[in-house]
Amino acid sequence: MVSVTRAVFGDLPLGAGTVEKFQLQSDQLRVDIISWGCTITALEVKDRQGRASDVVLGFDELEGYLQKQPYFGAVVGRVANRIAKGTFMLDGKEYKLAINNGPNSLHGGVKGFDKVLWTPRVLSNGVEFSRVSPDGEEGYPGELKVWVTYTLDGGELVVNYRAQASQTTPVNLTNHSYFNLAGQGSPNIYDHEVTIEADAFLPVNEVLIPTGEIASVQGTAFDLRKPVELGKHLQEFHVNGFDHNFCLKGSKEKRFCARVYHAGSGRVLEVYTTQPGVQFYTGNFLDGTLKGKSGAVYPKHSGFCLETQSWPDAVNQFPPILPNKNFNSMKIKDCSLLYSKANSTWHTEGARALCQPVQDEYQMWVLSCHGYKKGVDLHTLYSLSCKCKQNFLCLLNSFFAPNPSSVFLSSHN
Ligand code: BGC
């Protein structure tokens with residue numbers, strides 16, 4: 137059973153509208169989402185003792201979300217991540233976007249989807265937000281209608297994105313929640329154990345634009361295919377943190393992407409997606425200056441993001457090499473369709489792109505506490521798991537297994 141309640145969260149300055157908060161509650165999870173930027177402002181989950189904590193960074197009041205802040209909980213778009221120098225060519229025309237991050241355009245530009253009021257609609261188990269991004273917004277071509285839904289089912293929070301474009305445009309939508317499974321306000325995430333299902337990652341230049349290389353993770357700090365404890369791992373490889381796209385294996389099916397396990401509380405976060413990449417960001421630019429919820433401060437590495445996405449700067453460099461497609465030089469249009477694909481089902485017609493608003497389940501967070509049931513031994517669990525789809529397997533693991541990650545891996549032997 138999921139309950140959905142609706143309340144006023146605050147008023148925008150200059151009579152620009154009222155921001156509402158939607159609270160979704162199941163037995164396992166409580167999530168608060170506001171209509172400003174479709175932002176998740178709270179996500180409460182129990183630890184193994186049954187004590188609930190809020191595991192996402194954010195603010196108590198609307199003012200916090202209106203100030204300059206690093207996209208806490210928001211949906212980012214029209215194109216999440218960076219577009220080099222804020223420019224790209226499409227159908228023979230050069231587009232220039234709003235520049236807001238060094239020389240680049242980041243997360244949709246100066247006024248991205250995180251900084252607008254969306255129109256809400258209550259669903260039986262969640263909430264849908266919609267908006268129309270006008271032609272030319274932040275420099276992007278064509279009008280784009282966008283729908284984002286959050287639905288809750290037990291311990292699963294599902295985020296669906298749909299978009300309908302009036303002309304070819306890059307689209308890349310994600311959610312930018314910062315998690316700390318020990319509870320928001322905890323000083324760091326070093327005791328979190330991270331697994332990312334990626335054989336390759338994208339090295340970046342000094343302004344965080346991919347260099348063009350798709351590098352194997354083998355033997356590098358980026359090999360997170362088996363669980364690593366973050367603090368020790370960063371020390372061992374002398375790295376300052378992650379802010380990189382991990383290349384997920386090529387399939388348009390919803391599949392396992394990442395797992396983060398916090399042994400202290402027993403909380404597990406699992407992410408599934410249909411997207412080709414995930415930006416693993418360890419809050420490297422957090423600097424402790426923001427005043428967060430309940431007086432929390434957020435220093436460097438006090439939260440992590442798993443932003444499922446198309447690869448950064450795809451519009452300029454990656455479409456030709458995305459999975460299972462052969463492109464030739466005149467296929468820029470198709471390229472843009474391909475990296476938009478995870479957001480919706482797109483069809484091409486002549487020189488124009490029609491984007492059909494077909495719902496595509498796209499990103500799912502499974503957040504559970506680690507209340508493992510005595511009496512379920514690993515052998516039973518393993519044979520149970522074999523009968524299930526991988527998704528369900530992971531879910532089972534997170535509920536029952538003493539160490540979800542190792543069981544998950546052993547089940548693949
Ligand atoms: C980017 C970071 C950026 C952060 C907040 C992440 O998605 O990869 O480089 O600092 O968002 O803006």
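Per the working numbering, the very first residue in the sequence shown carries number 137; after that it's consecutive. For glycine and all other residues, C-beta sits at the position ideal for the given N, C-alpha and C.
Taking the DSSP output, what are the residues bridged to residue i?
i    : result
F315 : V192 and F440
D147 : T154
E264 : R257 and T285
K427 : V433
P346 : V340
G413 : C383 and Q445
H328 : H398
N420 : Beta-bridge pairing links N420 to no other residue.
T141 : Q159
T310 : V212
If you draw a straight line from the alpha carbon of residue i to that of residue j, how long is it in whole angstroms?
i    : j    : result
L148 : D423 : 27 Å
E273 : G262 : 28 Å
G275 : G213 : 12 Å
G321 : Y434 : 7 Å
G367 : K281 : 41 Å
V140 : D163 : 13 Å
L253 : A299 : 17 Å
G248 : E156 : 19 Å
T481 : Q185 : Residue confidence is low: T481 scores 34 on pLDDT, short of 50, so the model does not pin down where it sits. Its coordinate-derived value is still stated next. Rounded to whole angstroms, T481 to Q185 spans 43 Å at the Cα level.
D190 : N381 : 27 Å
Q161 : T287 : 10 Å
G200 : I170 : 13 Å
K232 : H312 : 24 Å
L384 : G151 : 44 Å
I345 : M137 : 44 Å
K362 : G146 : 44 Å
L259 : S401 : 32 Å
D327 : V364 : 10 Å
P206 : S302 : 30 Å
L198 : V192 : 16 Å
V144 : C174 : 14 Å
P323 : N316 : 9 Å
D359 : L405 : 19 Å
N308 : E389 : 17 Å
D271 : T304 : 11 Å
P239 : T356 : 29 Å
D335 : R142 : 43 Å
V396 : Y297 : 23 Å
Q354 : E372 : 15 Å
G228 : V451 : 13 Å
V340 : D183 : 37 Å
K204 : G377 : 22 Å
G486 : F337 : Its pLDDT being 26, under 50, G486 is placed unreliably in this model, and the value from its coordinates should be taken loosely. Roughly 34 Å between the two C-alpha positions.
A220 : V502 : 33 Å
L202 : I176 : 14 Å
A351 : G244 : 26 Å
E333 : R391 : 10 Å
P493 : H369 : Only weak support is given to the placement of P493: the predicted model assigns it a pLDDT of 32, under 50, and the value that follows is read from those uncertain coordinates. Straight-line Cα distance between these residues: approximately 42 Å.
G431 : W172 : 22 Å
V375 : I325 : 15 Å
T425 : D289 : 36 Å
E342 : N237 : 12 Å
Residue i and residue j look like a contact to me (Cβ under 8 Å); what is the Cβ gap, rounded to whole Å?
i    : j    : result
R218 : P412 : Actually they do not touch by this definition, with Cβ atoms about 16 Å apart.
Q445 : V414 : 7 Å
R403 : V167 : About 14 Å separates the two Cβ atoms, so there is no contact after all.
H398 : A318 : 6 Å
G291 : L165 : 6 Å
C441 : Y408 : So it is not a contact: roughly 16 Å between Cβ atoms.
V284 : V295 : 7 Å
F158 : P306 : The Cβ separation is near 29 Å, so there is no contact.
E279 : S266 : Wrong, their Cβ atoms sit about 13 Å apart, outside the cutoff.
P277 : L226 : 6 Å
G419 : F195 : So it is not a contact: roughly 16 Å between Cβ atoms.
T310 : A216 : 4 Å
A234 : G222 : 7 Å
Y314 : F421 : At roughly 11 Å, the Cβ-Cβ gap does not stay under 8 Å, so Y314 and F421 are not in contact.
A394 : T347 : The Cβ separation is near 23 Å, so there is no contact.
Could you tell me if the beta carbon of residue i falls within a distance shorter than 7 Å of some heavy atom in the ligand MG?
i    : result
F195 : By its list of ligands, the structure shown excludes the ligand MG, since it contains just the ligand BGC.
My parser needs the alpha helix (DSSP H) runs of 4 or more residues fully inside the region 162-238; what are they? 198-202
Please go through the region 356-403 and give each complete beta strand (DSSP E) segment of 3 or more residues, from N-terminal end onward. 379-384 and 391-398
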